[in-house]
């Protein structure tokens, strides 16, 4: 099986990484994002 670096990376990110959180942001995460955005900007 021959894979290039890009396809290996995409497979790791999309399928093999078990700790990757999927789904919507929690209320606490939303608040943290808004707080940090106002502090740091884009």
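Residue numbers (full-length UniProt numbering): 1 to 42.
All residues carry an ideal CB built from backbone N, CA and C; glycine is no exception.
These numbers come from a predicted model, not from an experiment.
By the three-class DSSP mapping on this structure, what secondary structure does residue i have?
i         : result
residue 4 : coil
Residue i to residue j, Cα distance in whole Å?
i          : j          : result
residue 7  : residue 21 : 21 Å
residue 37 : residue 2  : 42 Å
residue 12 : residue 5  : 11 Å
Problem - Ordered list of alpha helix (DSSP H) runs contained in the UniProt domain "HTH myb-type" (17–42), each at least 4 residues - result: 27–40
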